[in-house]
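> Numbering (my numbering), first residue to last: 101 to 220.
Quick one: the structure is below, questions incoming.
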């Protein structure tokens with residue numbers, strides 16, 4: 101069974117956060133936490149919180165050993181642009197271009213590992 105956790109509308113670009121998602125996909129949860137703690141990016145800090153939440157969600161089931169979980173799904177999807185008071189920067193030919201403030205949706209799924217799923 102897969103246990104999930106998510107963080108939505110994080111104020112960071114999805115392109116920057118996907119590097120952290122690619123690092124931990126397929127790893128054991130303990131190994132993924134160690135790897136993320138050494139990875140000093142904003143995306144890694146958010147993924148640590150989401151991964152701990154997914155582990156806690158799995159821990160609600162007494163039949164699951166949380167040490168035997170793997171990160172089966174880790175992804176970052178783009179969210180809506182942040183609105184509010186727009187800010188501008190100079191564009192070509194004297195035009196003004198709006199600054200697009202991007203948001204991200206972080207999603208993690210953990211599941212019980214089998215021998216074939218463990219990444220070396």
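Beta carbons: idealized from backbone N, C-alpha and C, even for Gly.
Treat the numbers as computed from the prediction; the structure is a model and nothing was measured.
Suppose the cutoff is 7 Å on Cβ atoms and the five residues either side in sequence are ignored; what does the same chain contact list for residue 172 look like?
Closer than 7 Å at the Cβ level, and outside the excluded window around residue 172, lie 102, 209, 210, 211.
> Starting from residue 135, follow the alpha helix (DSSP H) in both directions and report where the run begins and ends.
That run of the alpha helix (DSSP H) goes 129 to 138.
> Would residue 154 and residue 104 qualify as a contact pair, given that the criterion is a beta-carbon distance under 8 Å?
A contact, by the Cβ cut-off of 8 Å.
> What span of residues does the alpha helix (DSSP H) with residue 143 cover, start to end?
Here the alpha helix (DSSP H) through residue 143 covers 142 to 159.
> Measure the CB-CB distance between residue 68 and residue 120 and report whether it falls below 8 Å.
Because the chain here runs from 101 to 220, residue 68 falls outside it and cannot be looked at.
> Beta-carbon separation of residue 143 and residue 163 under 8 Å?
No; because the gap between Cβ atoms is not below 8 Å, this pair is not in contact.
> Keeping to the same chain, check which residues put their C-beta closer than 7 Å to that of residue 179; ignore five residues upstream and five downstream.
Hits under 7 Å: 108, 109, 203, 204, 205.
> Would you list the residues sitting across from residue 203 in a DSSP beta bridge?
BP columns for residue 203 are empty, so no partner.
> Look at residue 135 and residue 124 and say whether their C-beta atoms are less than 8 Å apart.
Against a cut-off of 8 Å, the Cβ pair of residue 124 and residue 135 comes out as a contact.
> At the level of alpha carbons, what is the spacing between residue 127 and residue 165?
For residue 127 and residue 165, the distance between alpha carbons rounds to 16 Å.
> Does residue 132 pass the burial test, meaning 16 or more other C-beta atoms within 10 Å, or should it be called exposed?
Looking at its Cβ environment, which holds 16 or more other Cβ atoms inside 10 Å, residue 132 is buried.
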